[in-house]
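Asker:
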Amino acid sequence: MAQGADQLIGTIDADLINGFGGNDTIAGALGNDILFGGNGDDILRGDNNSRSPDGKAGGDDIIYGGSGSDRIGGKSGNDSLYGGFGDDQLWGDAGDDLLSGGLGNDTLTGDNFSNGSGSDTFVLEIGEGTDTITDFELGTDFIGLGNGLSFGEVSITSDSNNSLINVGDGTLAVVLGVTTLAERDFVIL
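In UniProt numbering, the protein residues as written are 1 to 189.
Next up, the structure:
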């Protein structure tokens with residue numbers, strides 16, 4: 001059972017890896033992995049333990065950051081990334097990824113480093129902070145409204161070259177470089 005600042009690397013099989021406490025570095029390697037960061041400011045990667053987003057052929061991973069300000073990269077595959085508690089940074093990279101920052105002011109990047117491949121869904125919920133979506137691609141990506149939130153409750157305003165997604169007097173997200181969001185860009189989760 002990992003408790004300190006550990007480096008945990010998976011195998012070619014489907015792995016279940018839990019970092020528990022500490023500032024861990026966890027990489028799933030090639031299988032369809034489930035990774036848990038636990039407590040601490042963790043680095044979690046779905047495939048190889050590398051900053052390179054192209055990764056080798058990898059699995060469809062599920063990654064949970066837990067508590068702390070985590071850095072989570074799905075790498076290749078159709079991954080589901082959940083930041084948890086803290087101001088997290090999530091990168092889906094290649095594939096059709098789901099990115100949910102959780103509680104905190106999170107930065108969500110779908111596939112900025114993988115040449116725009118993949119249809120990503122950025123999950124927003126009331127009361128979870130203001131997220132920044134860095135690479136929303138109109139006609140390809142989606143804003144997922146979770147926890148009972150409907151499009152009718154959302155208002156969209158523009159600020160310079162960005163869109164602000166608001167509910168009441170709170171801002172759920174800032175979508176960088178996009179000023180023309182419409183109902184077709186949203187899905188109910």
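Even for Gly, the Cβ is constructed at its ideal location relative to N, Cα and C.
Predicted model, so just to flag it, every value in this text is computed and none were measured.
1) According to the neighbour-count rule (16 or more other Cβ atoms, all chains shown, within 10 Å of its Cβ), is valine 187 buried or exposed?
2) What's the C-alpha gap between glycine 146 and isoleucine 133?
3) Have a look at glycine 55 and threonine 130 and give me their C-alpha separation to the nearest angstrom.
4) What distance in whole Å lies between the Cβ atoms of leucine 98 and glycine 65, which are believed to be in contact at a cut-off of 8 Å?
5) In chain order, which beta strand (DSSP E) runs of at least 3 residues are fully inside the stretch 103-154?
6) Use the C-beta contact count for asparagine 161: other C-beta atoms within 10 angstroms, 16 or more gives buried, fewer gives exposed.
7) Bridge partners of serine 100, per DSSP?
8) Starting from asparagine 166, follow its DSSP beta bridges and name the residues at the other end.
9) Is it right to say aspartate 13 is buried, meaning 16 or more other beta carbons lie within 10 angstroms of its own, or is it exposed?
10) Please report the distance separating the alpha-carbon of isoleucine 165 from that of aspartate 159.
11) Buried or exposed for arginine 184, going by 16 or more other Cβ atoms inside 10 Å?
Answerer: A quick look at the data gives this:
1) Under the 10 Å beta carbon count, valine 187 is surrounded by fewer than 16 other beta carbons and is classified as exposed.
2) Taking C-alpha positions only, glycine 146 is separated from isoleucine 133 by approximately 16 Å.
3) Confidence is the limiting factor: at glycine 55 the pLDDT is only 48, short of 50, which leaves the residue's position unreliable, though a coordinate-based value still follows. In this structure, the CA atom of glycine 55 is about 30 Å from the CA atom of threonine 130.
4) Contact between glycine 65 and leucine 98 is absent: CB atoms are separated by about 14 Å, not below the 8 Å threshold.
5) Correct list: 107-109, 121-124, 131-133, 142-145.
6) Exposed, by the Cβ-count rule.
7) DSSP lists Tyr82, Val123 as partners of serine 100.
8) DSSP output for asparagine 166 lists Ser155, Thr171 as bridge partner(s).
9) By the neighbour-count rule (16 or more Cβ atoms within 10 Å), aspartate 13 is not buried but exposed.
10) Going from the Cα of isoleucine 165 to the Cα of aspartate 159 covers about 11 Å.
11) Sixteen is the threshold: since fewer than 16 other Cβ atoms of the shown chains lie within 10 Å of the Cβ of arginine 184, the residue is exposed.
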